[in-house]
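Add 14 to a position in the sequence shown, counting from 1, and you land on the number used in this note's numbering.
No residue lacks a Cβ here, since even glycine has one placed at the ideal position from N, Cα and C.
Take a look at the structure set out below.
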Amino acid sequence: MGAITAALAQVLRRGLPITAATADPVLLDLRGVISRAINADDAASRTSALDGVMRGLLARFPDARHAEAARALFGLPPAEPGQTLTVRRELAAGAAGHEVHHFRKRVEPRLIDKLAAALLADADRFTRSRVIAPRLAPSAGWQTVPADPFSWELAEHEEALTRLWAAIYAARAELLAVARLLSLGADRQQVVCQAVTAAWRWAQASLTAASYARAFGADINDVSAHDLVALAGWTPPMTDEQADRLRQAAAGEADRASFLAALHNEPELGASWVDAFADPDGQTSPLTTERLIS
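Given below as structure tokens:
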């Protein structure tokens, strides 16, 4: 981790955004950065991806007490881009409630170490995953498909694979929205409505995975299509029967309203999904599906 820490110290001198001058190769070579780069062979693309990774990790800094200080140290609010390290350090020390000298000597090194550990953990998640969403490249013109069976089969497979990843990303977006609302302390009903939307998108992704598996085989790079759906993010624990019921409610390209209507008389199923998000500690009474419809 020492090389990562040293590279972050170099970034710290100028703060965010990361530029070609501050992007150390050891950071640009992290798997999480390469996987997010639009063009992994282009240094500028990797630099942009690294900047995005850094901002995301600082936004979700694991040490809640010092999260604001860590962000200020690297030039995110309450700091501003272009401020000197001295100014940013003063803001960070104030956010952490420390005298500047103590902060620089005792706290700052720990924050850098924690960020380095987060970068390595992020890279490890991508290293352990054997699948990456298909990369997109700009098209110079209309995408033509030659009129022969082999080309048709290739196009059909790419279409199905793209639809699968689109469904996975759609589910992930709704699951992230639930997490964001919970973090903001949003009204419970807002969280409930968003959790229901996430359930609908998850069910759609699961159905799309099943459709792909029937047409092209169960595995993609030795990973099952259904396991790919798990990449969307954490979902409440469900029995096989409950998961099947959600998929049935979403079948036939059902929209959100139709999905809810199909589950109208199954309050326990609705509660098993929603309460895991809206009430993770189980402190209040379960929600019913009727209460979810507005």
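Could you pull out every residue in the same chain whose Cβ sits closer than 7 Å to the Cβ of LEU277, ignoring the five residues on either side in sequence? ALA263, LEU283, GLY284 and THR303
Look at PHE88 and GLY46 and say whether their C-beta atoms are less than 7 Å apart. no
By Cβ distance below 6 Å, which residues in the same chain neighbour PHE75 in space, the five residues on each side in sequence not counted? ALA81 and ALA84
Option in GLY155, VAL40, ALA34 and LEU221 with minimal Cα separation from PRO19: Looking at the sequence itself, residue 19 is Thr, so the reference to Pro does not match. It is VAL40.
Quick one: using the 10 Å Cβ neighbour count with 16 as the cut-off for buried, is SER299 buried or exposed? Because the pLDDT at SER299 is just 34, under 50, the model does not fix this residue reliably, and the value given afterwards should be weighed accordingly. So SER299 counts as exposed.
Suppose the cutoff is 7 Å on Cβ atoms and the five residues either side in sequence are ignored; what does the same chain contact list for ARG177 look like? THR222
For the stretch 89 to 164, list the alpha helix (DSSP H) runs that are entirely contained and at least 4 residues long, ordered along the chain. Counting whole runs of 4 or more residues, the stretch 89 to 164 contains the alpha helix (DSSP H) stretches 99 to 110 and 122 to 142.
Can you name the start and end residues of the alpha helix (DSSP H) that PRO39 belongs to? 39 to 42
Please determine, among GLY266, ALA271, VAL192 and GLU267, the residue with the shortest C-alpha to C-alpha distance to TRP287. Minimum Cα-Cα distance from TRP287 among the listed residues GLY266, ALA271, VAL192 and GLU267 corresponds to VAL192.
If we count the other Cβ atoms within 10 Å of its Cβ and call it buried at 16 or more, is THR33 buried or exposed? exposed
Considering just the uninterrupted stretch of the alpha helix (DSSP H) at MET15, what are its terminal residues? No alpha helix (DSSP H) holds MET15; DSSP gives it neither H nor E.
For the ligand ATP, is there a heavy atom less than 6 Å away from the beta-carbon of ASP258? Inclusion of the ligand ATP in the displayed structure is not the case, the ligand content being empty and no account of it being possible.
Terminal residues of the alpha helix (DSSP H) in which ILE52 lies: Note, ILE52: premise wrong, no alpha helix (DSSP H); not H, not E.
Determine, using beta-carbon pairs with one atom in the stretch 45 to 65 and one in the stretch 107 to 120, whether at least three such pairs fall under 8 Å. Not touching, per the Cβ criterion.
Using the rule of at least 16 other Cβ atoms within 10 Å of the residue's Cβ for burial, across every protein chain shown, is ALA73 buried or exposed? exposed
Answer yes or no: do ALA86 and PRO95 have a C-beta to C-beta separation smaller than 7 Å? no
Across the stretch 254 to 262 and the stretch 212 to 220, are there enough close Cβ pairs to call them in contact, namely three or more that are closer than 8 Å? Touching, yes.
Given a threshold of 16 other Cβ atoms within 10 Å of its Cβ, counted over all protein chains shown, does PHE164 qualify as buried or as exposed? The residue in question, PHE164, is exposed, as its Cβ has fewer than 16 Cβ neighbours within 10 Å.
With C-beta atoms as the reference, is ILE182 less than 7 Å away from LEU22? No, these two residues do not count as a Cβ contact at 7 Å.
Within the same chain, show all residues whose beta-carbon is closer than 6 Å to that of ALA63, passing over the 5 residues directly before and after it, in chain order. VAL47, ARG50 and ALA51
By how many angstroms is the C-alpha of LEU245 removed from the C-alpha of ALA200? 25 Å
What are the boundary residues of the alpha helix (DSSP H) that LEU260 is part of? 254 to 264
Compute the beta-carbon to beta-carbon distance between LEU42 and LEU133, rounded to the nearest angstrom, for a pair I have assumed lies under 8 Å. With 8 Å as the limit, LEU42 and LEU133 do not qualify as a contact, their Cβ atoms being about 12 Å apart.
Taking the Cβ atom as the reference point for each residue, do ALA212 and GLU188 lie within a distance shorter than 7 Å? yes
Short Cβ contact (7 Å threshold) for ASP77 with LYS128: yes
For ALA227, I'd like the list of residues in its chain whose CB is within less than 6 Å of its CB, leaving aside the five on either flank, ordered along the chain. ALA239
On the premise that LEU195 lies in contact with GLN203, defined as a C-beta separation below 8 Å, what is that separation, rounded to the nearest angstrom? Not confirmed; about 10 Å, so no contact.
Excluding the 5 residues flanking ARG186 on each side, which residues of the same chain have their C-beta closer than 6 Å to its C-beta? ALA246 and GLY247
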